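Structure, as C-alpha cells:
Number of protein chains: 2
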Amino acid sequence: MISNLPSSGFRDFLPRECRARESAARTIAAVAREFGFQTIETPAVEDLAVLTGKGSGENEKLIFKILKRGEKLEKELPKALRPGEGFELADAGLRFDMTVPLSRYYARHQGSLPHPFKAFHMGPVWRAERAQKGRYREFIQCDFDVLGSGDMSCEIEVISAILAAFEKLKIEEPEVLLNDRRLLYAVLERCGIPSDKLAQACVVIDKMGKVDEAAIKEGIMELAGKSVDWDRLRGCVAGHRDDLALQDGSLDIFKRLEEIRDDLARMNERAKILVAPGLARGLDYYTGPIFEIRHPRAAGSIAGGGRYDGLIQAFGGKPTPAFGGSIGFERVMLVLEELKGAEPAQDASRVCVTVFSTELRREAFAAAARLRAQGFKADVCPLSGRLKAQFKYADATGARWALVIGPDEAAAGRFKL
Amino acid sequence: MISNLPSSGFRDFLPRECRARESAARTIAAVAREFGFQTIETPAVEDLAVLTGKGSGENEKLIFKILKRGEKLEKELPKALRPGEGFELADAGLRFDMTVPLSRYYARHQGSLPHPFKAFHMGPVWRAERAQKGRYREFIQCDFDVLGSGDMSCEIEVISAILAAFEKLKIEEPEVLLNDRRLLYAVLERCGIPSDKLAQACVVIDKMGKVDEAAIKEGIMELAGKSVDWDRLRGCVAGHRDDLALQDGSLDIFKRLEEIRDDLARMNERAKILVAPGLARGLDYYTGPIFEIRHPRAAGSIAGGGRYDGLIQAFGGKPTPAFGGSIGFERVMLVLEELKGAEPAQDASRVCVTVFSTELRREAFAAAARLRAQGFKADVCPLSGRLKAQFKYADATGARWALVIGPDEAAAGRFKL
C-alpha cells in the first residue's frame, strides 16, 4: 500500500480552500490588469546557471535540484566520488522566486515588449525549507514589476496596485514601511561595515526580530570585524533615524523617499505609510528604494519588494532599471481566513439534478442542460435510484436546490425549481 | 554573462499568449463549475513512491526526479558506485499527469468530500521528453473526474462537460471516439494475446498511426509470441468491428457503449460520436469505457480519458470506481491559434495616462484613480516628460486612449477622454 500523504512540506487543497484561493487570485489579477500590468508566464524549471547566477543569496541553498538523466547522469556519477573533482548531478532546478526568471525573460524578450514594461507574474515557487508548521515548500507569489524605467512613478504605481489589491480583498489598515538601500548603506558604513560587505550585511540584518539578536550581532561581527559600532547599528535597525548618515547625497535620497511616502499617502488614504530607517529586506540585489507591507493579523510581511537596477544585465540585457513588489499569497490567505473574508457567498444558482431511475436518466440530463442554458450551475448526481443517497450528495456539494424528475414531471415535460 | 534562454524544452509566454491562455483556462473552469465539478489542487512535487507506484506505465521513464539534499544525499552517494548495490539519489519528482495525484488525494480526503465526488483538477505536468518542436516538457492538463460511482452517468457527464467547454471555446465539430477496454481485451484475446499481457498490449497498440507499423507489430510479437493473429488484430485496430469477439459478456458491454454514444449524441448535437473498436489509449490503468476527442485541425487527440476502477485502492482507499477525462490544453491552444479564436477582442476600456512633467505626476495618478473607479483600466505611463516616448508606450501596450494632463487640464481639474 502506497502512502496517501503529500510529500513532506507540500499541501493538498480541499474544494472550499480552492474556491477561496481562486477568488483571491482572480481579485489580484484583476487589479493588476486595471493598473496596466501585463501578465507573463515563465517555466517552473530553470537551468541552474540561471538560478544560481545572480541574486539568489540565501535562497540558493534552498533550490530543489532536478537530477540529470540517462547518459549525462552516468557520465557524472563516477566523478562524484573522486576526491577533489567537481561534479554536478543536477542541471536544472525549480524556481525559488519570480524575480530571477523575470529578469532572464526580460533580457530575452525586451525587443517584443513595450518600453517600459509593466509585468504581472504569478505562480508557484519552491524552496527546500525545513518542513514545519506554517512554512511550505511550494507557495504562490504574485509579482508586480516595472522594467526599463528609473522614474519614481514605478515605486508609486507598484505599491499602489498592491494596496488596491489588498483593499479589494478587504484587508484593511495595511502598514507600508519604506526605506532605501542607499540610506541604509550610508548608516552601515558610518557604523563601520566595509563597503563591499553592505549587501550581505542587509541580508543578516533582515533577520532582526525573526531570530535571536545575539546571532545577528555575531553575523555582523563575522562579516565586518570588531570595529563595528553595534549599539548605533542596533538603534538604526530598531528604526531610529540617523541624522549623521543623512548628509550630502543621502539627504536627496531621503527627500525622494519622503516624496514617495507623501504621494502614496495621498492616493491610499486607508493605509499607514512610514519611512522605516531600519528596514533591510533579505535579498542582496536591491539597489534603491525598498518596501514591506505588514498587517496586524500577519506574522512578518504580506508584501515586499524594491528596486533592483543591476539584475537584468546579468542575463545580457541592456542596463535596465527595474522596480518590483511581490504579494505573499499564502500569508494573505491566512489573514483572509482569520478575517473570514475568504469564503465567497453561497451560490444560489447551484442545482443538483437527481436521477430518479436509470430509465429517467436522459430526462435528468435534459433538465440540467436547460438549467445551464438559463445560467444555473446544474450538477447531475452521479448516482441513480436511491434518492436518499442523492439528497445527501446534494447537501455535501452545497447545492442550493435538489431537483427530482419523477415519472410525472417527465411525462409533463416540465418541472418547477 | 548568463544565457537568457529557458531550459531546453520549456517555454516563456508573451503577454498576448498569456491573455489567450488565461481566457481559455477561465472558460474551461467556468464550464466545470457549471457542471458541478469542484476544483481541487495537489502539489507539483510528489514522493517517487506515489509517482511510480501504479499506473505510470511508459511515463515513469519521463519523471523529472528531484535530487536528495544534505545528509540524505551524502549517505546515498557512496552506494552509487558500489556495484550491485541499490541506490536512489532522488526521493521525489514532478507529477507527470493529474490522475495519479488525484487518486492519492481521494484516498486521503474522501471522508471530507461529497460522495460521489466530481473533481476538476487543472495545472502543469512535467515530462522529460526529448525536446523537439511542438513537444514541451511542461504543459497544462485540465482533468474532469467522477470518483466513487460506477454509474454510466459519469461517462456522459464528463464527456459532455468537455464537449461543452469546446463549444464555449468555439472549437467546432469535435469527433468523439468511444471504446471499452474490456471489448478490446476480448478481441486481443481472440487474436492470441495472453490475458496477463492485455493492458501492456494496449499501450503498444495506442502508438498505431504515431510510429511505424512494423514497430508496433514487433512490440506485440515480443509481448505475446508468434501465435498472434496479426492481420486480425490489425484489422481491429484499424477500426473494424470483430463480431466474433462480441459474445456473451462482451455483447452487454457493447450495448452499454452504444447507449453512452446515443445519450451523448442526443445531448451534443454538434459533435460526431462514434464507437471505435480499435481505440486503445496509452495508459495501463483503464478498466472500462475509454474515449478520445479529435479535431480536424489537431494532430492526435485534444482530449481523452477512461474508467480506472482500480487505481485509488493502490493508495489504501476503499474500492472506488472512477471515470475521468482530460483536456490537452496545449493542443487546444494550437487549434485556437489556427482558428484565430484565441485573441480576445481589443479592450476599449484601456487608457494610458501620460505624465506631462514630474510636477504634474500627482495629477496623472489622481486621474488614473478616478478612471479606475469608473471601471476603466488606467495605466500610468512609467515615464515622465518626453511625450513622444509615452505615446509609443501607449501604442505598444495596446491602450485604446492616451490621456495628457497638461497645466491647463490640471488647473481646470477636469479632463476629457
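Which chain is which? The protein sequence lines are A and B, in order.
Take the first sequence: its position 386, counted from the start at 1, is 386 in the numbering used here, and no numbers get skipped.
In the numbering used here, each residue's number is its place in the second sequence (first place is 1) plus 1000.
Note that CB positions come from ideal geometry on N, CA and C, so glycine has one too.
This structure is a prediction, so every number in the text was calculated from the model and none was measured.
Does any residue of chain B bring its CB to less than 8 Å from the CB of N59/A?
Not one chain B Cβ lies under 8 Å of N59/A.
If you run the structure through DSSP and keep just helix, strand and coil, what is G235/A?
helix
Cβ neighbours of Q1313/B in the same chain (closer than 6 Å, five flanking residues each side left out)
P1319
Confirm, please, whether the CB-CB distance from A1032/B to F1117/B is below 8 Å.
Their beta carbons are not under 8 Å apart, which means F1117/B does not touch A1032/B by this criterion.
With DSSP collapsed to three states, give me the class of D12/A.
coil
Sufficient close CB pairs (3 or more, under 8 Å) joining the region 90 to 99 of chain A to the region 12 to 29 of chain A:
Fewer than three Cβ pairs drawn from the region 90 to 99 of chain A and the region 12 to 29 of chain A lie within less than 8 Å of each other, which leaves the two stretches out of contact.
Note the first and the last residue of the continuous beta strand (DSSP E) segment covering E138/A.
E138 to L147
Report the rounded CA-to-CA distance for C236/A versus A186/A, giving the unit in angstroms.
11 Å
Taking 8 Å as the CB-CB limit, is M1267/B close to chain A?
yes
Going along chain E in order, which residues have a C-beta closer than 9 Å to the C-beta of F315/A?
Among the protein chains of the structure shown, namely A and B, there is no chain E.
Scan the region 39 to 58 of chain A for residues whose Cβ lies nearer than 8 Å to a Cβ of chain B and list them as they occur along the chain.
T39, I40, E41, T42, P43, A44, V45, E46, D47, A49, V50, G53 and K54
Closer than 8 Å between beta carbons: that is the criterion. Which residues of the region 1237 to 1270 of chain B meet it against chain A?
Along the region 1237 to 1270 of chain B, going in chain order, the ones with a CB nearer than 8 Å to a CB of chain A are D1263, R1266 and M1267.
Sub-8 Å separation of V1146/B and F1323/B beta-carbons:
Yes; because the gap between Cβ atoms is below 8 Å, this pair is in contact.
Residue from V100/A, P194/A and A165/A with nearest C-alpha to A303/A
Looking only at V100/A, P194/A and A165/A, the smallest Cα-Cα distance to A303/A is reached by A165/A.
Does any C-beta atom of chain B lie closer than 8 Å to the C-beta of T397/A?
yes
Can you give me the C-alpha to C-alpha distance between S1418/B and G1219/B, rounded to a whole angstrom?
Nothing about residue 1418/B can be read from this structure; chain B reaches only from 1001 to 1417.
C-beta neighbour in chain A for S1007/B, strict 8 Å:
Yes, S1007/B lies at the interface with chain A (some Cβ there is under 8 Å from its Cβ).
Please classify P1101/B: is it buried, with 16 or more other beta-carbons within 10 angstroms of its beta-carbon, or exposed?
buried
Ignore the nearest five residues each way along the sequence and tell me which others in F139/A's own chain have a CB closer than 6 Å to its CB.
E330
To the nearest angstrom, how far is the alpha carbon of K170/A from that of Q1374/B?
Their Cα atoms are separated by approximately 19 Å.
Look at the alpha carbon of R1350/B and the alpha carbon of Y393/A, and state the distance between them as a whole number of angstroms.
Looking at the two C-alpha atoms, the distance is approximately 45 Å.
Any idea if Q1132/B is buried or exposed, counting beta-carbon neighbours within 10 angstroms, 16 or more meaning buried?
With fewer than 16 neighbouring CB atoms inside 10 Å of its own CB, Q1132/B falls in the exposed class.
Member of A1410/B, V1353/B and I1063/B whose CA lies at the smallest distance from the CA of L1403/B:
Cα-wise, what sits closest to L1403/B is V1353/B.
Classification of K1416/B by the beta-carbon crowding that lies within 10 angstroms, buried from 16 upward
exposed
Buried or exposed for R130/A, going by 16 or more other Cβ atoms inside 10 Å?
exposed
Tell me which residue opens and which closes the beta strand (DSSP E) that H295/A is part of.
Here H295/A belongs to no beta strand (DSSP E), and DSSP marks it neither H nor E.
Return the CA-CA distance between A1080/B and I1063/B, expressed in angstroms with no decimal places.
20 Å
In the DSSP assignment, what residue or residues form a beta bridge with W230/A?
W230/A is not bridged to any residue.
Quick one: what does DSSP say P1116/B is sitting in, helix, strand or coil?
coil
State yes or no: is the beta carbon of E1034/B nearer than 8 Å to at least one beta carbon in chain A?
yes
Using the beta-carbon count (16 or more within 10 Å), is P1321/B buried or exposed?
buried
Best match in I156/A, T287/A, A396/A and R135/A for proximity to F144/A [C-alpha to C-alpha]
Nearest C-alpha to F144/A: I156/A.
List the residues of chain A whose Cβ lies closer than 9 Å to the Cβ of Y1285/B, in chain order.
What Y1285/B touches in chain A: nothing, since even the nearest Cβ is about 14 Å away.
Since V125/A sits in a beta bridge, which residues does DSSP pair it with?
F139/A
Using only alpha-carbon positions, find the residue among K1054/B, K1072/B, N1004/B and P1043/B that is nearest to Y136/A.
P1043/B
Is the beta carbon of C1191/B closer than 8 Å to that of R1232/B?
yes
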